[in-house]
Structure formats: C-alpha cells, structure tokens
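Everything on this sheet refers to the single structure shown next.
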Amino acid sequence: MGVISKDQKVINEILYRGQVCRIALCVDGKPYIIPMNYGYKDGIIYLHTSINSMKLELIRRNNFICFEVDTDLELVVNEDPCKTSMRYKSVIGCGSAYIIEDNTEKTNALNIITLKYLDRRYTYKSSDLNRTAVIKIVIEEASAKISGY
9 MGVISKDQKV INEILYRGQV CRIALCVDGK PYIIPMNYGY KDGIIYLHTS
59 INSMKLELIR RNNFICFEVD TDLELVVNED PCKTSMRYKS VIGCGSAYII
109 EDNTEKTNAL NIITLKYLDR RYTYKSSDLN RTAVIKIVIE EASAKISGY
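Counting from 9, one number per residue, gives the positions in the sequence shown under the numbering used here.
Structure representation (structure tokens):
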C-alpha cells in the first residue's frame, strides 16, 4: 500500500525526475493513452509532436487531459508471488491542454524539454518550428503516490 500526497514539493520532484509522461485523451468517448517525452516547469507540462498528429485534433475537440508520470520503479520479488510488488513514485493528474502558436513561447517550451533530456538549450530554425507542434498542459489537479519507499 502506498502513501498518497498532495504536497506540491513531492509532486514537483516526481515530475522533474520522470522520463515519460502518459497522457489520456478521449476518442469517440473512449480513452486513448499516449506515452510522450515531456518537460515540466512551474505547474505546466510541455509536450511536442508533429503538426499532423491526431493528438492535436483530439485536443481541439476536448482539451481536458489526464496524465501520469512515474519514476524509481523497482520490482520487489518475494518467494510468495502474492507478496511480490513494485516500488515506485508516481503522479496522476489532470488539466487543460493548449496548443502553443507563438514561436517565442514554442521555443521556450522546447528548451524546457531539451534541457530535461539533453541538458542544453537550442536555437530552432523557423522550418523546424513550423513543422513542430507544442502542447502545454496547465495542471489543475495532481496527487503523488509513493509505494514501497
């Protein structure tokens, strides 16, 4: 059994350390989950995708998104398989998604993502920005769960 927390410091730590953000959208009344690279800063999750992505059309129809990020995953094996478990830290939340149109804001968001994975900022060509869509999720509600730690 894990501990659930609304502590923003705990939530931030997990969101900064996670490597994949899974977003849940709605397609014809059915859930649609997509794992994505992401960046996080000041209560906002940033994602990037192709301008031809189906995700953009889904967001235009319904911009309410749920998301999940986890980190520190470890299988805890026990001789009794019913006592085998996982250690993990996760955040589950929801918010409103917006497609960033402004190239300056888009560049800043892309650099939040690249700083996370590549530890550096980049200068982007207009052609790159024109073929890349950037989504920001303004987090409205989130909770962390820490299990096995």
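Backbone N, C-alpha and C fix where the C-beta goes; we use that ideal spot for every residue, glycine too.
These numbers come from a predicted model, not from an experiment.
Quiz item: Using DSSP with H/G/I as helix, E/B as strand and the rest coil, what is Val9?
Solution: The residue you call residue 9 lines up with position 1 of the sequence shown. The sequence given here places Met at residue 9; Val does not occur at that position. Three-state DSSP puts Met9 in coil, outside helix and strand.
Exercise. Whole angstroms is fine: what's the gap from Val35's alpha carbon to Lys114's?
Key: As a position in the sequence shown, residue 35 is number 27, starting the count at 1. As a position in the sequence shown, residue 114 is number 106, starting the count at 1. C-alpha separation (whole angstroms): 26 Å.
Quiz item: Where do the ends of the beta strand (DSSP E) carrying Glu109 lie?
Solution: Your numbering for residue 109 matches position 101 in the sequence shown. Note, Glu109: premise wrong, no beta strand (DSSP E); not H, not E.
Self-check item: Start-end ranges of the alpha helix (DSSP H) lying completely within the segment 48-80, minimum 4 residues
Solution: 62-69
Exercise. Would you mind stating whether Arg68 and Ile120 have Cβ atoms separated by less than 9 Å?
Key: As a first step, residue 68 is located in the sequence shown; it is residue number 60 there, counting from the start. As a first step, residue 120 is located in the sequence shown; it is residue number 112 there, counting from the start. Their beta carbons are not under 9 Å apart, which means Arg68 does not touch Ile120 by this criterion.
Quiz item: Rounded C-beta distance between Met62 and Leu55? I'm assuming under 8 Å.
Solution: Here residue 62 corresponds to residue number 54 of the sequence shown, with the count starting at 1. Here residue 55 corresponds to residue number 47 of the sequence shown, with the count starting at 1. Going by Cβ atoms, the distance from Met62 to Leu55 rounds to 14 Å, so no, they are not a contact pair.
Quiz item: Looking at Cys74 and Tyr46, is the spacing between their C-beta atoms short of 9 Å?
Solution: In the sequence shown, residue 46 corresponds to position 38, counting from 1. In the sequence shown, residue 74 corresponds to position 66, counting from 1. Result no, Cβ atoms of Tyr46 and Cys74 do not sit closer than 9 Å.
Quiz item: Of all the beta strand (DSSP E) runs that stay within the bounds of the segment 19-53, which reach a length of 3 or more residues?
Solution: 29-35, 38-44, 47-49
Quiz item: Would DSSP call Arg128 helix, strand or coil?
Solution: As a first step, residue 128 must be located in the sequence shown, where it is residue number 120. Coil at Arg128, not helix or strand.
Exercise. Could you tell me which residues DSSP pairs with Thr115 in its beta bridges?
Key: Taking the first residue of the sequence shown as position 1, residue 115 is located at position 107. Answer by DSSP bridge pairing: none, since Thr115 is not bridged.
Exercise. Would you mind giving the Cβ-Cβ distance between Ile42 and Thr79, rounded to the nearest angstrom? I have them listed as a contact below 8 Å.
Key: Residue numbering aside, residue 42 sits at position 34 when the sequence shown is read from its first letter. Residue numbering aside, residue 79 sits at position 71 when the sequence shown is read from its first letter. That pair is no contact at about 19 Å.
Exercise. Since I believe Arg95 is in contact with Gly156 (beta carbons under 8 Å), could you give me their beta-carbon distance rounded to a whole number of angstroms?
Key: Here residue 156 corresponds to residue number 148 of the sequence shown, with the count starting at 1. Here residue 95 corresponds to residue number 87 of the sequence shown, with the count starting at 1. About 3 Å separates the two Cβ atoms, so the contact holds.
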